[in-house]
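What follows is a single structure, written as structure tokens, with notes after it.
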Amino acid sequence: MSTSTTPAASGFRAPPTWVVWAFLLLGVAAVAGAFLVPLPKRTPPAGPVPSADPPHYPAAPVFVLTERSGKEVSNDDLDGKVWVASFVFTRCTQGCPAVTGTVRKLQTDLKLADRDDLRFVTFTVDPERDQLDDLKKYAAQYAAHETKWLFLTGPEKFVRLLLNKGFRIAAMKRDDPQPGDEFDHSTKLLVIDKKGQVRGAFDGKVGEHDDGGRNFEQSQAELKALVEHLVKE
Numbered sequence: 000m001s002t003s004t005t006p007a008a009s010g011f012r013a014p015p016t017w018v019v020w021a022f023l024l025l026g027v028a029a030v031a032g033a034f035l036v037p038l039p040k041r042t043p044p045a046g047p048v049p050s051a052d053p054p055h056y057p058a059a060p061v062f063v064l065t066e067r068s069g070k071e072v073s074n075d076d077l078d079g080k081v082w083v084a085s086f087v088f089t090r091c092t093q094g095c096p097a098v099t100g101t102v103r104k105l106q107t108d109l110k111l112a113d114r115d116d117l118r119f120v121t122f123t124v125d126p127e128r129d130q131l132d133d134l135k136k137y138a139a140q141y142a143a144h145e146t147k148w149l150f151l152t153g154p155e156k157f158v159r160l161l162l163n164k165g166f167r168i169a170a171m172k173r174d175d176p177q178p179g180d181e182f183d184h185s186t187k188l189l190v191i192d193k194k195g196q197v198r199g200a201f202d203g204k205v206g207e208h209d210d211g212g213r214n215f216e217q218s219q220a221e222l223k224a225l226v227e228h229l230v231k232e
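What follows is the structure, encoded as structure tokens:
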């Protein structure tokens with residue numbers, strides 16, 4: 000008679016198949032999660048604005064662009080400041096006027112002119128056509144602060160890469176463009192903290208299905224609360 004020890008005889012019992020698959024799936028999920036850094040959509044609508052360790056937030060991309068004044072501006076110039084980023088083009092007749100109008104209101108609500116620790120930064124999604132004079136005229140239409148609300152442009156290929164890969168927002172030419180609607184791009188406003196990390200994305204205008212604009216108003220309230228929180232950090 001064989002004297003080999005079976006699993007049962009040794010006290011070992013094989014786990015059920017479903018347990019093995021559960022551990023495998025959990026492992027795959029953990030590995031996938033390690034490579035994904037989600038952009039925070041909003042801060043919670045109630046209670047104090049949460050604070051998290053910087054590594055939990057994606058870094059804003061590195062850039063060197065030209066401001067409407069002709070001055071070169073880089074992300075280093077924004078170190079130590081909280082900034083709100085928006086993405087528009089001057090010939091836009093669709094969502095851009097509403098987005099820039101929202102930023103203009105934030106300029107008043109957040110008292111931009113009186114603060115040295117806050118900046119607004121508008122990136123053109125149409126750098127081929129938006130020259131410095133175009134940006135100057137556009138900024139003047141919205142009474143933008145001359146030095147604290149920046150309007151940036153640069154080489155088309157670099158700007159496209161910066162927006163799509165750096166900020167991870169949609170910004171592309173339409174296949175069937177109409178005058179004033181040549182680009183499909185995000186209308187979100189991004190809030191970046193003093194260390195250059197993206198801390199939230201908020202509505203820049205009332206959404207198509209936002210009945211009465213309640214979601215937009217809530218999003219704006221959260222944006223302002225986050226900015227006030229971050230300038231104190």
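Going by numbering that gives the first Met the number 0, the first residue of the sequence shown is number 0, and it counts up by one from there. Just so it is clear, CB atoms sit at the ideal spot from N, CA and C, and this is done for glycine as well.
Looking at the DSSP output, F86 sits in a beta bridge with F122.
Between the region 96–108 and the region 203–222, the count of Cβ pairs shorter than 8 Å is three or higher; the stretches touch.
Within its own chain, no residue has a Cβ closer than 6 Å to the Cβ of D210 once the five positions on either side in sequence are excluded. In the structure shown, F62 falls within a coil segment according to DSSP collapsed to helix, strand and coil.
Secondary structure of K194 (DSSP, three-state): coil. Leaving aside the five residues that flank F150 on each side, the residues in its chain whose CB is nearer than 6 Å to its CB run, in chain order, R67, T121, L134 and A138.
If you draw a straight line from the Cα of A84 to the Cα of F182, it is about 18 Å long. When C-beta atoms of the region 110–124 are compared with those of the region 197–208, fewer than three pairs fall below 8 Å, so the two segments do not count as touching.
Taking 3 residues as the shortest admissible run, the region 106–188 contains the following complete beta strand (DSSP E) segments, listed from N- to C-terminal end: 117–123, 148–152, 170–177 and 180–184. Residue environment analysis places T152 among the buried positions, since at least 16 neighbouring C-beta atoms fall within 10 angstroms of its C-beta. Rounded to the nearest whole angstrom, the CA to CA distance from R198 to V87 is 20 Å.
Burial state of T89 is buried, judged by a 10 Å Cβ sphere holding 16 or more other Cβ atoms. A residue is called buried once 16 or more other Cβ atoms fall within 10 Å of its Cβ, and K164, having fewer, is exposed. Beta-carbon to beta-carbon, G100 and T186 are separated by about 11 Å, too far to satisfy the 8 Å threshold. For the 8 Å CB-CB criterion, V81 and D116 form a contact. Straight through space, the alpha carbons of V190 and I168 are spaced by roughly 13 Å.
Excluding sequence positions up to five before and after H144, its CB lies within less than 7 Å of the CB of Q106, L111 and A112, all in the same chain and listed in chain order. Counting along the chain, V226 sits inside no beta strand (DSSP E); it lies in the alpha helix (DSSP H) bounded by residues R213 to V230.
Straight through space, the alpha carbons of Q177 and K231 are spaced by roughly 44 Å. The C-alpha of L77 lies about 8 Å from the C-alpha of G195. The straight-line gap separating the alpha-carbon atoms of K136 and D75 is approximately 26 Å.
With fewer than 16 neighbouring CB atoms inside 10 Å of its own CB, R128 falls in the exposed class.
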